[in-house]
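Residue numbers (the working numbering): 121 to 235. Just so you know, even glycine gets a beta-carbon here, dropped at the ideal spot from N, CA and C. Single-structure report; data block below.
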């Protein structure tokens, strides 16, 4: 998914060093059974286990079929929740696209992550 270079990073929750491998990929964190519901944040990947990197997506629809604990191939662990500005996420989901990309680039100027 175009992640950072191979190496290590610090897991902010556990403090442990985690490896990046095969082009910056990280292990899937299938720990909680949070579903890909509207308002959740989920790891993007290449459609195979342990291929997430630095990309994520915001669910604006019920995507329970992407849950790591549901049947099927594509699995995307949920790691967070949108707590403010969900209306902006819905607006982003409605912009005109070409080849699955916004016709006009959309820039996130600020993202706050709270543990």
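If you look at residue 210, you'll find it in the alpha helix (DSSP H) that goes 206-212.
Boundaries cannot be given for residue 223, as no beta strand (DSSP E) includes it and DSSP labels it neither H nor E. The alpha-carbon of residue 135 is positioned some 10 Å away from that of residue 129. In this structure the segment 204-217 lies against the segment 168-180, because at least three pairs of beta carbons, one per stretch, are closer than 8 Å.
Per DSSP, the continuous beta strand (DSSP E) segment holding residue 130 begins and ends at 127-130.
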